[in-house]
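Protein chains: 2
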Amino acid sequence: MAELSSKEKKKLEKLATMRHSMAHVMAAGVIKLFPEAKIAIGPSIENGFYYDFDLPRQLNPEDLEVITENMKEIIKENHKIEREEVSRAKALELFADQPYKVELINELPEDEVISLYHLGDIFTDLCRGPHVEETSRLNAQGFKLLSIAGAYWRGDEKRPMLQRIYATAFGDPKQLKAHLEHLEELKKRDHRRIGKDQDLFSLHEDAGPGLVYWHPKGGRMRVAIEDFWREEHYKNGYDIVFTPHVGKSWLWETSGHLDFYKESMYQPMDMDKADYYCKPMNCPFHIMMYNEGKKSYRDLPLRWAELGTVYRYEKSGTLHGLSRVRGFTQDDAHIFCTPAQMDDEISEVLRFSLYMLKSFGFQEISAYLSTRPEGKCVGEEADWNSAQEALQAAIEKEGLDFKVDEGGGAFYGPKIDLKVKDTMGREWQLSTIQFDFNLPERFDMTFVDTDGKEKRPYMVHRALLGSIERFFSVMLENYGGAYPVWLCPIQVQVIPVGHNFDDYANDVWKKMRAAGFRAEKDLGDDRMNAKIREAQNQKIPYMVVLGAKEQEEGKVSIRTRSGEQINGLTLDEAIKLIQEKIDAKEMP
Amino acid sequence: MAELSSKEKKKLEKLATMRHSMAHVMAAGVIKLFPEAKIAIGPSIENGFYYDFDLPRQLNPEDLEVITENMKEIIKENHKIEREEVSRAKALELFADQPYKVELINELPEDEVISLYHLGDIFTDLCRGPHVEETSRLNAQGFKLLSIAGAYWRGDEKRPMLQRIYATAFGDPKQLKAHLEHLEELKKRDHRRIGKDQDLFSLHEDAGPGLVYWHPKGGRMRVAIEDFWREEHYKNGYDIVFTPHVGKSWLWETSGHLDFYKESMYQPMDMDKADYYCKPMNCPFHIMMYNEGKKSYRDLPLRWAELGTVYRYEKSGTLHGLSRVRGFTQDDAHIFCTPAQMDDEISEVLRFSLYMLKSFGFQEISAYLSTRPEGKCVGEEADWNSAQEALQAAIEKEGLDFKVDEGGGAFYGPKIDLKVKDTMGREWQLSTIQFDFNLPERFDMTFVDTDGKEKRPYMVHRALLGSIERFFSVMLENYGGAYPVWLCPIQVQVIPVGHNFDDYANDVWKKMRAAGFRAEKDLGDDRMNAKIREAQNQKIPYMVVLGAKEQEEGKVSIRTRSGEQINGLTLDEAIKLIQEKIDAKEMP
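So the sequence lines, in the order shown, correspond to chains S and V. The opening residue of the first sequence carries number 434 in this note's numbering; numbering runs sequentially from there. The opening residue of the second sequence carries number 434 in this note's numbering; numbering runs sequentially from there.
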């Protein structure tokens, strides 16, 4: 991965300083509105800054406007921003009515120089700096207050809940504008919003937060994804297995999950005086099958894949749409192989991962290799080394951009993570290829090698899409709801321009269905343009428009969701055109 | 359904009397071996009889041989079997050392005539009879002791565990032989045995009994079933949804499951101070989706299908292979429609059920209609009547053999059950089409009708295969492991007659895979005949045999598992032949 140049670094530092000064200006603006405000902390962050306040009442959007005006005035008044170093006693005296600052001061190490920054004579903050010299260096048109959020003091849910104001700031108003447009676009692409607009899924607080209900249209997309996934797995030498969603404590004791993963597991259920747990992972079940009957080197490699739904406890505050949930379906697989087969297997699994991600339209993919951590690890060092070498060789063979996270692996084996860049420039970690030197040991897995001796197989966990739910959220946001044809919940909307053509429309619709397309028809009373607009809103890739001319000639006209128009196709031509886009996994 | 004729009834009664007398003879034979035996009860049952004993030690198979010899002697000795009516006091005195009999006597009503049956002077039982007159009427070659089983006294797990000897008996040794052959065939077809022989699935006591692990080959069959199921559901106007496996208590309180179904549910899991339950049924989740957003008559009918895995508590003693488990996947669907749509929907769902069952080769199907029970029911009587009429009309339209179980419905709606007859003459209940007047009420489901008023939709639950696990067990036993080609885990085995042809075999194998077949190859060192035998044992429908002639001509020879042989096919011809059988869902 390319490192930042020193010029780029300097630019970023300058931006951070400006944003930090902006945070002080915001605090001054808030105090102007609420002189009794207690102030906490206000750092610069990516693209902007925030500040946390303890205020006499809940902030509302109108307050943000007043604070913005206050800030603009403060900038215009051109206050100097000056550093002063003070004794602890002086600092405590100065902030006597600011309990959060007092707490911070009291926690500073003995030998720490305590510095204040004065914003003219209107605001003083405990701060390490640096800052711009005076507020005229800030651009009054270059910032925007974005939102109000609750935030516990020091992130501790037992401490007071403060109000945080998030803001964005750039030196240049044009950059601000571009960033705000980017944010607006992200909002439009929020998968929760698309999910609602396109009626793809829902979540139900009453019946349990973080549990996903896939509606008919979301279901069609999921079936398309899973059908493709199954087909490709069979083609690529995998077998598909199915295992239970619950297992007795013995299984989780043996696997070690009850030792090191318990806080992420659901609570146990009592059955016949034993504890049963919903599975947080599929691995122990696959191992139970491996251990059913002796295995020989002739049986290996085994590649067992499962769309396995797992249940993990996440704090309710951290749940988010489909990205962070309490139940999700991993596109999981385990590869069991001999050490001699490892190189080929790893190389194949990486190639397959890239193929799968690219099939969904993700072209920019980079790899992260995590190696042996310091401290106690399971497995021989030689095995770690050869596993790491196999992983790195596979990455290099694919010519992938990659970064090594030295010592960043889990205690049980090294791994590759693959991240994709979406159309909005965001990176999402999707695939993982993870060695495991732990479970084969714990479950005493063996195979009889060519020399007749029992040996341990290598075990690799891998998920290509990660979880179907999270992958789906990334896909929704990546495409902003306008998917490649093969994934669209409705691929074809048949639109007669008036009721005179309803029969013809029914006929065409039936043929589109028979061709295997997810086709619907709009026989409503709306005018053609309204029907087309509605279909475009739903981001249906193909509209088949039928009027007098089409009916007379027995032909169809096609419009795509991007506005392209193709008139006078025979039905066969139309079907061929659409089928080709489906097969190529392309946009219309 | 045809009722039994009086002649047939008489024949059955005669058989039962013979078997009952046999039970007494068996008890006498056991007492000869264990004079201290305590005897419990010994009725005639279908195809035979049993008797329960409290014995000083565990019986073993050799004991059964001794008891059989004892019985043959007793029959040969031609004892009279004579009835005697006695007072309660006399009966208690006679059975003073038989505590089970004493318990039975003490429970007889005051006015009951107490009768004994004497087997000559060697055995006396408390018994209502009737019996044959003398043991010469019994056929010493017409019975067989089958097995030893544990049985609680009076079926109560808190009472002593007795030893039960099961036996079969017919008047005619030929009939016995036929029955024993039938039993032998059933044993061979036991799905647990086939599952092991063909490596289709496993269960693991350690990790929780009654929870099924689908191995790669079982997985292939399940994927074939589910792919077909999904495709047909889409074709037939259903949509496929996915819902969570757990739900908060609110959901199960609202649905009523916690009131009337709790003992079949898993215990709750605590999460964030609320109780969560693994789902025993999918319905409440589908209703949550229905209630997401207002529904209009224009939205109906909705047909939502899910391969939903549910978890139900079954006592460990009742678990049996895949037939009775603690977790299984229902091929579930819910239809929500207006009253006006009901007739068509029911008719369609029945037609679709029959189509699905027939697709798996079940041709003999009969229907059972269960109607409104006495007592408290939910729903208007008029709705019950029209629902029952719709069900019956649909059955009659399909010309199905059917039986009405008057008052046999659940309190919430009438239903149709479909039973299939398998190749062994056994009936299995698979499909259910069940009205529900309860849940729409409990969840306050509505749709806005043409008149602008909010009304309740009709709700129908239906499962066509029932559960995938149980259906699979029926299929395994029905076909005895030799499935129609489309379901076979391995459809094609490529067999070179020697290593000279391994390259050609690899080539053919790749082409078979590319054609979409589940093809494997046997490149081992065994001779051709051994390879063919092995493939036949595995019941692989097609063996593609490759020798010098085939290689030279670039052709293949085919053998089917039933021994058919077709030589000199081009590869395309072979592929076409196999594909046709797959498409037709036929045997090879």
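Even glycine gets a Cβ: it sits at the ideal position worked out from N, Cα and C.
Report yes or no: is there a C-beta of chain V within less than 8 angstroms of the C-beta of W1027 (chain S)?
Absent from the structure is residue 1027 (chain S), since the part of chain S shown begins at 434 and ends at 1021.
Closer than 8 angstroms, CB to CB, is T676 (chain V) near chain S or not?
Mapped onto the second sequence, residue 676 (chain V) falls at position 243. Taking Cβ atoms only, chain S reaches closer than 8 angstroms to T676 (chain V), which makes this a yes.
Residue-chain proximity (L752 (chain S), chain V), Cβ-Cβ < 8 angstroms:
Looking up residue 752 (chain S) in the first sequence gives position 319. It does not: the Cβ of L752 (chain S) has no partner Cβ on chain V nearer than 8 angstroms.
From the beta carbon of A938 (chain S), is the nearest beta carbon of chain C less than 8 angstroms away?
This model lacks chain C altogether, as its protein chains are S and V.
Which residues in chain V sit within 7 angstroms of W1054 (chain S), going by Cβ to Cβ distance?
This structure leaves residue 1054 (chain S) out entirely; chain S is present only between 434 and 1021.
Indicate the three-state DSSP secondary structure (helix, strand or coil) for V519 (chain S) in the structure shown.
For this step, residue 519 (chain S) is matched to residue 86 along the first sequence. Reduced to three states, the DSSP call for V519 (chain S) is strand.
Cβ of L488 (chain S) within 8 angstroms of Cβ of Q596 (chain S)?
Position 55 of the first sequence, counted from the first residue, corresponds to residue 488 (chain S). Position 163 of the first sequence, counted from the first residue, corresponds to residue 596 (chain S). Contact flag set, yes.
Is T557 (chain V) buried or exposed, if buried means 16 or more other CB atoms sit within 10 Å of its CB?
As a working note, residue 557 (chain V) is residue 124 in the second sequence. That one is buried.
Sequence ranges, beta strand (DSSP E) only - wholly within the segment 845–914 of chain V, length at least 3:
848–854, 860–868 and 891–900
Considering Cα atoms alone, identify which of S:N493, S:M504 and S:L437 is closest to S454 (chain S).
Working through the first sequence from its first residue, we reach residue 454 (chain S) at position 21. The candidate whose alpha carbon is nearest that of S454 (chain S) is S:M504.
Report yes or no: do the segment 713–730 of chain V and the segment 664–671 of chain S share at least 3 C-beta pairs separated by less than 8 angstroms?
no
In this structure, does DSSP put C770 (chain S) in helix, strand or coil?
Walking along the first sequence from the start, residue 770 (chain S) turns up at place 337. The answer is strand: DSSP assigns C770 (chain S) an E or B state.
If you scan the segment 913–953 of chain V from start to end, which runs of the beta strand (DSSP E) of 3 or more residues do you find wholly inside it?
925–929
For P717 (chain S), is the classification buried or exposed, using 16 other Cβ atoms within 10 angstroms of its Cβ as the cut-off for buried?
As a working mapping, residue 717 (chain S) is identified with position 284 in the first sequence. Buried.
Compute the distance between the beta-carbons of S792 (chain S) and S906 (chain S), then report whether it is under 8 angstroms.
Start at 1 with the first residue of the first sequence, and residue 792 (chain S) comes out as number 359. Start at 1 with the first residue of the first sequence, and residue 906 (chain S) comes out as number 473. No, they are not a contact pair.
Give me the subset of the segment 654–671 of chain S whose CB atoms are less than 7 angstroms from a CB atom of chain V, sorted by chain position.
R655, V656 and R663
Could you work out which residue in V:E614, V:I547, V:Q531 and V:F634 is closest to D901 (chain V) when comparing CA atoms only?
Counting from 1 along the second sequence, the entry for residue 901 (chain V) is found at position 468. As written in the sequence, residue 901 (chain V) is Ile, which differs from the Asp given in the question. Among V:E614, V:I547, V:Q531 and V:F634, the Cα nearest to that of I901 (chain V) is on V:F634.
Simplified DSSP state of V535 (chain V), which is helix, strand or coil:
Walking along the second sequence from the start, residue 535 (chain V) turns up at place 102. Residue state, collapsed to three classes: helix.
At which residues does the beta strand (DSSP E) containing L1002 (chain S) begin and terminate?
Sequence index remark: in the first sequence, residue 1002 (chain S) carries index 569 (1-based). It spans Q998 to L1002 - the beta strand (DSSP E) in which L1002 (chain S) sits, taken as one unbroken run.
If you follow the beta strand (DSSP E) that D642 (chain S) is in, where does it begin and where does it stop?
Against the first sequence, residue 642 (chain S) aligns to sequence position 209. Inspection of the sequence shows that residue 642 (chain S) is occupied by Pro rather than by Asp. That run of the beta strand (DSSP E) goes G641 to W647.
Evaluate contact between the segment 759–776 of chain S and the segment 799–815 of chain S, counting only Cβ atoms and requiring at least three cross-stretch pairs below 8 angstroms.
no
Do I478 (chain S) and L578 (chain S) have their beta-carbon atoms positioned less than 8 angstroms apart in this structure?
Within the first sequence, the letter at position 145 stands for residue 578 (chain S). Within the first sequence, the letter at position 45 stands for residue 478 (chain S). No.
By a C-beta neighbour count over all protein chains shown, 10 Å radius and 16 as the cutoff for buried, is A435 (chain V) buried or exposed?
The residue labelled residue 435 (chain V) in the question sits at position 2 within the second sequence. Note that A435 (chain V) has pLDDT 47, beneath the 50 cutoff, so the model's placement of it is unreliable and the number below is only indicative. A435 (chain V) is exposed by the Cβ-count criterion.
Status (buried if at least 16 other CB within 10 Å, exposed otherwise) for A896 (chain V):
For the purposes of this step, residue 896 (chain V) is identified with residue 463 of the second sequence, where counting begins at 1. It is buried - the Cβ of A896 (chain V) has at least 16 other Cβ atoms within 10 Å.
Mind listing the chain S neighbours of F718 (chain V)? Cutoff is C-beta to C-beta under 8 angstroms, in chain order.
Your numbering for residue 718 (chain V) matches position 285 in the second sequence. Ordered by position in chain S, the residues that pass the 8 angstroms Cβ test against F718 (chain V) are A640 and Y646.
Min CB distance I1015 (chain S) to chain V below 8 angstroms
Along the first sequence, read from residue 1 onward, the residue named residue 1015 (chain S) stands at position 582. Not one chain V Cβ lies under 8 angstroms of I1015 (chain S).
Enumerate in chain order the residues of its own chain whose CB-to-CB distance from F603 (chain S) is below 6 angstroms, with the five nearest sequence positions on each side excluded.
As a first step, residue 603 (chain S) must be located in the first sequence, where it is residue number 170. So the list reads G575 and L609, once near-sequence residues are dropped.
Leaving out the 5 sequence neighbours to the left and right, which residues in its chain are closer than 6 angstroms to D605 (chain S) when beta-carbon positions are compared?
Sequence index remark: in the first sequence, residue 605 (chain S) carries index 172 (1-based). None.
Run through DSSP, which three-state label would Q971 (chain V) get?
Within the second sequence, residue 971 (chain V) is the residue found at index 538, counting from 1. In the structure shown, Q971 (chain V) sits in coil (DSSP, three-state: anything other than H, G, I, E or B).
Tell me, please, whether the CB atom of D705 (chain V) is closer than 8 angstroms to any CB atom in chain S?
Counting from 1 along the second sequence, the entry for residue 705 (chain V) is found at position 272. It does: the Cβ of D705 (chain V) has a partner Cβ on chain S nearer than 8 angstroms.
Residue from V:A938, V:M857 and V:T762 with nearest C-alpha to G899 (chain V)
Sequence index remark: in the second sequence, residue 899 (chain V) carries index 466 (1-based). For G899 (chain V), the nearest C-alpha among the options comes from V:T762.
Opening and closing residue of the alpha helix (DSSP H) in which F528 (chain S) lies:
Residue numbering aside, residue 528 (chain S) sits at position 95 when the first sequence is read from its first letter. Careful: F528 (chain S) lies outside any alpha helix (DSSP H) and carries neither H nor E.
Where W861 (chain V) meets chain S, residues with beta-carbon distance less than 9 angstroms:
If you number the second sequence from 1, residue 861 (chain V) lands on position 428. The contacting residues do not exist; W861 (chain V) stays about 22 angstroms from chain S at best.
Name, in chain order, the residues that DSSP records as bridge partners for K627 (chain S).
Here the question's residue 627 (chain S) lines up with position 194 in the first sequence. For the record, residue 627 (chain S) in the displayed sequence is Ile; it is not Lys. None, per the DSSP bridge assignment.
For chain V, find out if any of its Cβ atoms is closer than 8 angstroms to the Cβ of K411 (chain S); answer yes or no.
One cannot answer for residue 411 (chain S) here, as it falls past the ends of chain S, which runs 434 to 1021.
What's the gap between the Cα of L733 (chain V) and the Cα of F868 (chain V)?
Looking up residue 733 (chain V) in the second sequence gives position 300. Looking up residue 868 (chain V) in the second sequence gives position 435. So the alpha carbons of these two residues sit roughly 16 angstroms apart.
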